[in-house]
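These notes are about the structure you will find just below.
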Ligand SMILES: Cc1cc2nc3c(=O)[nH]c(=O)nc-3n(C[C@H](O)[C@H](O)[C@H](O)COP(=O)(O)OP(=O)(O)OC[C@H]3O[C@@H](n4cnc5c(N)ncnc54)[C@H](O)[C@@H]3O)c2cc1C
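Here you go:
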């Protein structure tokens, strides 16, 4: 009796095990799917090629339509260059681990909301959040100098071929992958700029009498510094700050403005003085209280952070105050930079905010691009 | 028909030789509104006619050169549509000249913070199309860092509004910016603006050599300081500028040559040989320039030997701006880093002199052509690790073709841009020469660029920091983006399926298109 020919799934399993090694490919049964853990860009490309031959769809975001799931957790290497302050990190490393790895070199990725620390670098770039931004560094999604990616039709590529601080050589092609939620290609690694914290660092804050006064002070501090500093700037609901500081008494007020100034002592002192002048109608908060929110012990206020968030595009102080006022639960305004900010709040509070939906032609353009780059719709 | 060329020096060779340009459009249109742009695109699409957007023609890479077809001059679309001080944004049409846009913002106490040397002769649409950089880019970023939204009429005729922060979408805005008219025509844009600085602290510094100055600036930036202006002139550039040489002579950096009082004859020579040839107006001087530039290798070798003996070091201009207390604090903090790197404070004089003359270069090029030379510039960038090897590699590669000097500007915490200036002899159109002289000039020009860009790629730099690609650097787009060119081609296929927009540019027509 001739043995039955192996099924397509079995063939795919065999091929993947041959290419990645049996230890890195598992067949799950409920629901049935294959999970593979590639160790580098070449293996990601091999896995996608195998999926294409096998006629199955693949995903790195555990999309339900996919039969092949790429778990990128082995892509976790980090290389740091102390002269250029650049690090190249695998897409599978969490932002928290990456931050610890670069801290070992006396460097930092810059401020990130604690709720982002468990996210992988790949996820943070493929599905960026508006809160992942800083006044002096801008958005995390804009920072990569180079990404390595695998595209279903084109294979592995470095975008661009050589990293440079800035260039004028056509469209920024890596931006087609960043923010594409794994639908255009799979991010394998990214080269990011780092900052050297200090030598001086101060965490300062003021309780402003009203949300409106706080929004105006935030705007004045940002623009007083030319829209490029300080390292971090947030408005926090008093209740959240109190909870983070384990119930420490706070002066009465509508919102706290918190600021992290870092750099040479003279600059830090000048930034603090400028903020103090702009918050003249507020009450200065003790540094320990500001640190409880801005620089908490490992993981402490992560649980306090509202999970939902919404991008606010170049809001005026009045608009900012209005959206904050509309929140019934706790809220934080963070990710403040020259083009906008993020409002983090409970999902039900955000429901009331009309969400900016992309105009139809832009969405259509993106869909056409996805179709042009992945005509077989391999990725989902 | 009225049509102005752009400022691609290769095209200027023919102009200087009084040869009528062979590459001209058949039609020039001046739309006034997006709907008219759209109509023209539809018409060109229907008839498969090439369409080249045109700003002010200050581009230096041949990006706006048309070989037949239609040129769309956007200068009649030049309104400031809205200035919103509360949101800190400005919305404008693409054909507005840089100075007019800044002027409108200044009336509200605001600034875009974008000051290219060509601010008087370039449009905001051209800036966005080429990813332009201003003199204060170290503090405020390049134009792509300032833009929030563009309206683009694609090659399909569709009007797209692209932003960088649409929920659930990639940053489609950054795919349109820098596309140099190959994907669509920018018809409106919104950018972030800032309050005009209250104070400015400009200063000059001397360093024994360019490496030390780069090290100083790297430290400044990596300590979190953000100067608005950073310009490091290399030893040759410093030596050849009387003003800079004299400023350094008064206070040489430790380790620099002290023999800075030059013979009057040599002093005059250096002034004449500057690539902008400010003084080379008279016949004898013109003749001397042309003889000297005919032997660039020898000239570069001589410069190499003279510089260590004569150069008083190199000059750095650094400037901070913003609220007075913060700018002064930044300046004080930077001074510590610059001193530690071997710098010597020259006081505010050189910085203020630079500020007062910051746009002068825009008017010097014709003088060089009149003096029987051609001048061109190459602006590249790399991280700090690769920067100085890149500087050496390009100088070495180009020395056989032209006199070369450089300054470093547009600095970032992770790297910096280098701006090379080349000067070489031009013969086309000079008395006693025939048409073959222009051809020889063009061959020399092409060889120079080929060699220079190969050196850039080998040394790990980017082929353009802010002038863009156009036709000049198109053959090197594959080296810049590798397989990524497939993404650019996909964009082109979706946005301009008939390939009518700005054909022959950006390397989209094949990796090895001739210059
Ligand atoms: C003396 C001098 C100094 C310079 N200094 C600087 C400097 O400091 N920094 C700097 O960045 N550059 C500088 N440049 C280069 C030049 O000014 C820039 O490239 C500028 O951005 C070009 O603008 P423009 O309006 O003149 O565009 P053009 O030269 O007319 O066009 C440039 C390219 O953009 C395309 N284009 C123009 N408008 C549009 C539009 N609305 N939509 C789509 N595509 C369009 C054209 O097709 C072309 O490909 C300098 C040039 C000169 C001559």
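Protein chains in written order, with the numbering used here: chain R, 1183 to 1562; chain L, 530 to 1044. Glycine included, C-beta positions come from ideal geometry on N, C-alpha and C.
Check whether residue i and residue j have beta carbons under 9 angstroms apart
i	j	result
residue 862/L	residue 1443/R	no
residue 657/L	residue 631/L	no
residue 730/L	residue 856/L	yes
residue 872/L	residue 1449/R	no
residue 1505/R	residue 1471/R	no
residue 621/L	residue 608/L	yes
residue 1326/R	residue 912/L	no
residue 594/L	residue 537/L	yes
residue 1396/R	residue 1437/R	yes
residue 1024/L	residue 683/L	yes
residue 471/L	residue 639/L	This structure gives no information on residue 471/L, because the portion of chain L shown stretches from 530 to 1044.
residue 618/L	residue 725/L	no
Closer than 8 angstroms: residue i CB and nearest ligand 1 heavy atom
i	result
residue 585/L	yes
residue 581/L	yes
residue 962/L	no
residue 751/L	no
residue 829/L	no
residue 1420/R	no
residue 603/L	yes
residue 878/L	no
residue 567/L	no
residue 1318/R	no
residue 1551/R	no
residue 883/L	no
residue 651/L	yes
residue 593/L	yes
residue 1350/R	yes
residue 535/L	yes
Candidates the options, of which the one nearest residue i by Cα
i	options	result
residue 975/L	540/L, 533/L, 535/L	540/L
residue 1235/R	1320/R, 1211/R, 1335/R	1335/R
residue 1033/L	998/L, 1013/L, 1009/L	998/L
residue 694/L	1493/R, 1329/R, 1270/R	1493/R
residue 1490/R	1254/R, 1400/R, 1295/R, 1285/R	1295/R
residue 762/L	845/L, 977/L, 888/L, 866/L	845/L
residue 995/L	670/L, 925/L, 606/L	670/L
residue 1342/R	1012/L, 605/L, 886/L	1012/L
residue 1417/R	1435/R, 1262/R, 1431/R, 1322/R	1435/R
residue 860/L	843/L, 880/L, 700/L, 916/L	880/L
residue 1265/R	727/L, 1018/L, 944/L, 970/L	944/L
residue 507/L	698/L, 627/L, 1030/L	A query on residue 507/L cannot be resolved here, the shown segment of chain L reaching from 530 to 1044 and no further.
residue 1125/R	1359/R, 1453/R, 1292/R	Nothing in the structure corresponds to residue 1125/R, since chain R is present only between 1183 and 1562.
Residue i to residue j span [Cα, whole Å]
i	j	result
residue 1304/R	residue 1273/R	4 angstroms
residue 1041/L	residue 1001/L	Caution is warranted here: a pLDDT of 38 is assigned to residue 1041/L, below 50, making its placement in the model unreliable, and the coordinate value is therefore given only provisionally. Each residue's Cα considered, the two are about 12 angstroms apart.
residue 1044/L	residue 1518/R	Note that residue 1044/L scores 33 on pLDDT, short of 50, meaning its location in the model is unreliable and no value can be drawn from it.
residue 1307/R	residue 819/L	55 angstroms
residue 1541/R	residue 1512/R	31 angstroms
residue 530/L	residue 651/L	In this prediction, residue 530/L has a pLDDT of 47, which is less than 50 and means its spatial position is unreliable; nothing more can be read from the coordinates.
residue 1502/R	residue 1525/R	9 angstroms
residue 1413/R	residue 1367/R	32 angstroms
residue 987/L	residue 922/L	9 angstroms
residue 1371/R	residue 1365/R	16 angstroms
residue 1561/R	residue 1369/R	12 angstroms
residue 1516/R	residue 1345/R	29 angstroms
residue 957/L	residue 967/L	4 angstroms
residue 1237/R	residue 1247/R	13 angstroms
residue 552/L	residue 592/L	13 angstroms
residue 714/L	residue 681/L	5 angstroms
residue 542/L	residue 767/L	28 angstroms
Are the stretch 746 to 758 of chain L and the stretch 893 to 907 of chain L in contact at 8 angstroms, needing three or more beta carbon pairs? no
Would the stretch 1459 to 1477 of chain R count as touching the stretch 585 to 594 of chain L if we require 3 or more Cβ pairs under 8 angstroms? The stretch 1459 to 1477 of chain R vs the stretch 585 to 594 of chain L: no contact.
Cβ contact (3+ pairs, closer than 8 angstroms) linking the stretch 835 to 842 of chain L and the stretch 700 to 719 of chain L: no
Are there three or more Cβ pairs, one per stretch, closer than 8 angstroms when the stretch 1197 to 1206 of chain R is compared with the stretch 1216 to 1223 of chain R? yes
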